[in-house]
Structures are given as structure tokens and as C-alpha cells.
Amino acid sequence: MTNLLDDFAAAVAKHPDRVAIVDGKGREVTFAQLKERADGFARTWHARGIRRGDKVLLAMLVDADLYAALAALWSLGATAVLPEPAMGLAGLRHAARATNISAFCSSGLYGLLKWVIPALWTRRHLRPHGIKGADFDLHTPNDSDVALISFTSGTTGAPKAISRSHGFLSAQHRAIAPLLQSSQDERDIVAFPVFVLVNIASGRTSILPNWKMSHLDQLSPEQLAAWIASQNITRALLPPSLCEKLTKANVPASLHTVFTGGGPVFPDALDRLTTSKPDLKIVCVYGSTEAEPIAHLDAADISSDDRSAMAKGRGLLVGRPVEDIRLRIRDYEIQVAGAHVNSGYLDPRQNVENKVQEGATIWHRTGDAGYLDDQGRLWLLGRMGSHVSLAGRATFPFSVEVAVRQWDGVDQCALMSVENESYLAISGDTRHETIWQKRATEFDIDRVVRVAKMPMDKRHASKIDRNALQKMIAS
1 MTNLLDDFAA AVAKHPDRVA IVDGKGREVT FAQLKERADG FARTWHARGI
51 RRGDKVLLAM LVDADLYAAL AALWSLGATA VLPEPAMGLA GLRHAARATN
101 ISAFCSSGLY GLLKWVIPAL WTRRHLRPHG IKGADFDLHT PNDSDVALIS
151 FTSGTTGAPK AISRSHGFLS AQHRAIAPLL QSSQDERDIV AFPVFVLVNI
201 ASGRTSILPN WKMSHLDQLS PEQLAAWIAS QNITRALLPP SLCEKLTKAN
251 VPASLHTVFT GGGPVFPDAL DRLTTSKPDL KIVCVYGSTE AEPIAHLDAA
301 DISSDDRSAM AKGRGLLVGR PVEDIRLRIR DYEIQVAGAH VNSGYLDPRQ
351 NVENKVQEGA TIWHRTGDAG YLDDQGRLWL LGRMGSHVSL AGRATFPFSV
401 EVAVRQWDGV DQCALMSVEN ESYLAISGDT RHETIWQKRA TEFDIDRVVR
451 VAKMPMDKRH ASKIDRNALQ KMIAS
């Protein structure tokens, strides 16, 4: 099996002068230049004693040097540790503590963290500086060698450290690549790091965000559209929250396709995107940190019957499972297995809750409830254990929320239980509040509560922070 380093080398040989990465400041780096940087970093860090098996925590700006650093570490046989960016300083501390790092690599002002986090005080401090010199024997990764360690978002508990081997990343590349395949020379704006890796391995250009992903609320629709237009971007790989911003601006003519995921993609959001640019192709991708991708859906394939089913509270259609995955439903829960499905966490004690081993097969319990229809398509019902009682019936709140999102005037909504009463929190146009209350009774919902602004998750601002919302309602 080839690995991402082999694919990267092949892309460099085939497209040396093609732009690999454009960073948020508009600086372009070709595939040949990216390889040169990676080789320079590898020489420098080899001289600093970085060897096979070392774990190196990366606190770097999201630019070409970050991806060159990954290639450099992998060519030395080292493991890159990527903290959860949404957690900020706490994420760095957690990553350093959970993985027993050998060194710390920083760029820009992130170097000051060396003196802020005690766990880094005794670790080697690397900087992304390259040196020229004679080539040395680089490490050829085995499939089982750990390439990187990343973390779950922590929205359902303490963030779990996930080890990704070179074989896993290669399998993930093979699973995602067909979704992104194109006969044209695309220019993709990419908000998901894993898709940047896939593009680099495929010899395709990635445009990085010119905003901070941790401050999505500060990004204006006009800034997003201007960046797409100025970079002549043809495809966008964005979370639903950014797709929503796109609907509030003039969509540039160059953009012909949007891939979106990282949070629920509701029918009303798809309608707004299509209205903003009728010929826009929209592909929804469902997955999780442990298994990306699981299923995908071309928005054009959603039928009127599908829309009717979603409006009646039967869940959210997320499409057909990708070819390289095994998927089953056990007591409503979606479980997946395959080469690009994480087989275990860094701490084996955390496997008990989410992993089921049957012979040589390890099934990942996604924690999502769903079902397969008679066409083999996957529908989401919500999170396991999230039931709300409606007229004595245990109901997945997410399935009702999918329906409510299609009511006039609704922007965001969440159904939850507070002190044995069902509450439907809605943000949107309050002129429809009377209608909301009437329609809520059709679902046997006790109360409708208007919320000025929904609290959202810190990673992609695409999922409602239910703990924060429940505190708001309770108060």
C-alpha cells in the first residue's frame, strides 16, 4: 500500500510548478517548493535529534509550513501531535499531557507557549527553519506506524486522543478521493485539514481560509465571497455555518461546487444555497472524527418524498454509505468498520464505550441513531440517549428539529426536556411565533421558547451547544 508521502512525491513529480497551497495572506507555494521546505525541515530536525517514534506537538499557523512540517516529521518516522484548536490553550495542555511528547514545534508567536505550558519546558523546541545539505536516508513508513495523533472535539466528554497510522491516512485518502475527483484543474477553498492532505496527495490546489476558524462569528459573508472571488475558487469545502454565510452574499461566478459537512446539513440550508446560485452543485458529507467519510449525498438527488419525510419528523437524509466502509444498525445506533475507521484510542480504556470487536473486525459505535431505507440510504435520527418524551413517546429530538427547521421564520431550533417538560427553543423571525406554537402542538411539544441567538459549538459553529442552551432555558 502506498502512503501519503509516496503520493506527495508523485504529485511533485507530475506537477512541480502547480500551486499546492495558497495561505490566508495570498502567498502561493508550488508542489516543488512545498517538497523543498519539507526536506529542509527534515534536515534541520534530524540534526536536532528527531528520530522514529518521537512525538512532536505542533502549534503552528495554518499555512504551507504546517503541511511541510507534517511531511518532514513523517519522513523522519516521527509522529505529529495536533491539538484540538477549538480548545485553545487548554487543548495544547491536554495534548502535551495525554501523549507524552518528545518535542514541541511552533511558528510565529506560538513559540511563547514554550514558557507558558510547564509540560513543554524540558522538551526540545523546534522551529520551521530549513537547511540545505546532502540528502540522508529518510524513513519509509510502515502501514502500522503512527503518523499523527489528533483529538475528538470533546463536546460529549473529555477529548479523546486518536492515533492515525500511515495505513489509516492512505485508506482515508482512497475513501475521500472519489468524492473530490475532477477532470478540471480545480481551486478548492478548504476549511478541513484532512481534505488539504487529500488534495496534496492528489496534486490539487488548496486555498486556505483567510479567517480564523476559531472566530467564525467574526467572518462576514462579504469577506468570504470576496476571498472566493479574488482567488478564482471553483469548489468550496466548508462547514454548514460558512455555507450559511455564503447564502447572504453574492456567490462568485467561479464557484460551481460546494462540499459541506462537520455538522447537520438541513433541507432549508440547501434551499438557501440553491436560491443564491441555482446551478450550484452541493454535496453533503457525513462522518465523524473517528470515521471520515461515512456517507455522502448529492443535494440534487433529494426527492419530494424525501422532503416530505423529513418535514414529518422521520430524520435527516445523509445519503449512501461510501464504498470503502461497512455499516450496520444495532438498536438504532450507526456502527461502522473499515480501513479508514479508527480502530482504537490512544488510551485503550476509552475503547470500552465506543469499540466493539468481533473476531478481526472492530466496529466503531458512532453514538448516532439512524436507519437505512429501502434504497440503502442512511437517515439520521439524532444522538443515542438523547430522547425527549412527547405525550409519553420517547422521541429523538433531532428528527423533530429537522422538521421544525422547515417552518417559516425558523433559523435555528433545539428540542429538549427541562424538569419533565418538553421545550422547543427557536431563534428566528418572531412574527411567526404564534404559528410556531400551533405547529408545536402537532408534535405534542409542551412549550416554545424564543432564543435571540443559539449557542454553537466551538469547532465549526455548526452544532448547537445543548449544555449551554439548557442552562439558558433553565434560567
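First residue of the sequence shown: 1, per our numbering; consecutive thereafter.
Cβ coordinates follow ideal geometry from the N, Cα and C atoms, glycine included.
Since we're looking at a predicted model, the values are computed, not measured.
Asked, Found
"Strand pairing of Met416, partner residues [DSSP]", "Tyr423"
"Pair within 8 Å by beta-carbon distance, His46 and Leu76", "yes"
"Beta-carbon gap between Ile464 and Gln412 smaller than 8 Å", "yes"
"Local Cβ density within 10 Å of Leu109, reported as buried at 16 or more and exposed below that", "exposed"
"Coarse secondary structure for Pro397, derived from DSSP in three states", "helix"
"Counterpart residues of Val410 in DSSP-defined beta bridges", "Gly428"
"Which residues DSSP lists as bridging Lys355, in chain order", "His364"
"Counted within 10 angstroms of its Cβ, other Cβ atoms place Ile101 as buried (16 or more) or exposed", "buried"
"Collapsed DSSP secondary structure at Lys212 in the structure displayed", "coil"
"Whole-angstrom C-beta distance between Leu280 and His256, which should lie under 8 Å", "7 Å"
"Short Cβ contact (8 Å threshold) for Ala177 with Val194", "no"
"Burial state of Tyr332, where buried means 16 or more other Cβ atoms lie within 10 Å", "exposed"
"Inter-residue Cα distance where the pair is Leu270 and Leu317", "12 Å"
"Distance, Asn342 Cα to Ser417 Cα", "33 Å"
"Best match in Gly203, Cys284 and Ile149 for proximity to Leu92 [C-alpha to C-alpha]", "Ile149"
"Secondary structure of Trp115, DSSP reduced to three states", "helix"
"Enclosing alpha helix (DSSP H) for His125 [first to last residue]", "Taken as a continuous stretch (DSSP letters only), His125 belongs to no alpha helix (DSSP H), being part of the beta strand (DSSP E) at Arg124 to Leu126."
"heavy atom of the ligand FAD below 7 Å from His364 C-beta", "Looking at this structure, you won't find the ligand FAD or any other ligand, since it has none at all."
"Nearest-angstrom Cβ-Cβ length linking Ser462 and Gly262, presumed shorter than 8 Å", "6 Å"
"Simplified DSSP assignment, three categories, for Asp188", "strand"
"Three-state class that DSSP yields for Trp379 in the structure shown", "strand"
"For Val22, the nearest candidate out of Val283, Lys248, Gly409 and Arg204 (CA to CA)", "Arg204"
"Three-state secondary structure (DSSP) of Phe104", "strand"
"Whole-angstrom distance between Asp306 and Lys453, CA atom to CA atom", "29 Å"
"Cβ-based burial, Gly376 [other Cβ within 10 Å; buried from 16]", "exposed"
"Cut-off 7 Å between Cβ atoms - residues of its own chain near Ala71, not counting five sequence neighbours on either side", "Leu5, Phe8 and Ala38"
"For Lys245 and Met60, the rounded distance between their alpha carbons", "27 Å"
"Ala253 versus Pro221 - alpha carbon distance", "15 Å"
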